[in-house]
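A quick write-up on the structure given underneath.
Numbering (this note's numbering), first residue to last: 20 to 316.
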């Protein structure tokens, strides 16, 4: 199976490349700017022609949630317009696309985990641009899997686990938001799920029940403060940094972009359709902390 992965520096792209390298049945090309720039159609067409993929996996995105509030055009360009161009070019070649999206398409007001059919209501520019991207991809390529995820972390890139370990080494105490709840997702676990989905949609005809919208996130739920507490527990047990934690409300940590209070995603549809279920979030956090402390990407 030949895969084209956009966004080679991202957490999920790097996790996909690592997973593919260990699987002799998969040949993966992870490529990003400037060779593949989603807002420049000639680079998309050239890459698709050279790679001849069985499945395209779009992990490239504008993910600076707060910065997007002052750069709406940049967020829209990559998250919607670029995603549409990639989906259109893939469709012209009869290639299915897996497109990653986010819990930020919801406003977080629901009391229970979100299912795919729940109404969307993004709170900020980033969420609106990602929702627009979902709609554009779905309209451009009927052979699509749109996969929403949440709270992604890994041993590389910038993420909450790495930030907590860095701050834990610099400070004795930290104030962390405790009234936002979500499902932490370990990028290598998400990558394994994406590969399993890719195998099942490669060659599947348009109209197959496999195509559509899905949620894919770590099993279980926790607040940001609860996640920080687990990170420091695991780190301290391994001789790594730790810090005292003070739970605070969202109002105690104002940010330019508003975050959903509820980022929990119900992933049962993914399990029913593809037989794919991500592990409990504790498992991913433990492996992530171990790899960061060991300095192994």
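Just so it is clear, CB atoms sit at the ideal spot from N, CA and C, and this is done for glycine as well.
Source: prediction; values computed, not measured.
Item: Cβ-based neighbour list, residue 31, same chain, cut-off 7 Å, excluding 5 preceding and 5 following; Value: 78, 119, 171, 206, 209, 210
Item: Cα-Cα separation, residue 307 to residue 245; Value: 16 Å
Item: Status (buried if at least 16 other CB within 10 Å, exposed otherwise) for residue 283; Value: buried
Item: Three-state class that DSSP yields for residue 290 in the structure shown; Value: helix
Item: Beta-carbon proximity of residue 242 to residue 251, cut-off 9 Å; Value: no
Item: Residue from 69, 157, 98 with nearest C-alpha to residue 110; Value: 157
Item: Identity of the residues DSSP links to residue 266 by a beta bridge; Value: 195
Item: Of the listed residues 249, 27, 57, nearest to residue 47 (C-alpha basis); Value: 27
Item: Reference residue 162; option with closest CA among 204, 236, 272, 115; Value: 115
Item: Close beta carbons around residue 44, own chain, < 8 Å, minus the five adjacent residues each side; Value: 20
Item: Residue 48 (DSSP reduced to helix, strand or coil); Value: strand
Item: Contacting residues, own chain, Cβ-Cβ under 7 Å from residue 132 (five flanking each side not counted); Value: 283, 284, 285
Item: CA-to-CA distance, residue 217 to residue 228, given in whole angstroms; Value: 14 Å
Item: Stretch-stretch touch, CB-based, cutoff 8 Å, three pairs: the stretch 91–102 with the stretch 64–83; Value: yes
Item: Ranges of the beta strand (DSSP E) found wholly within the stretch 148–223, counting only runs of at least 3; Value: 163–168, 192–196
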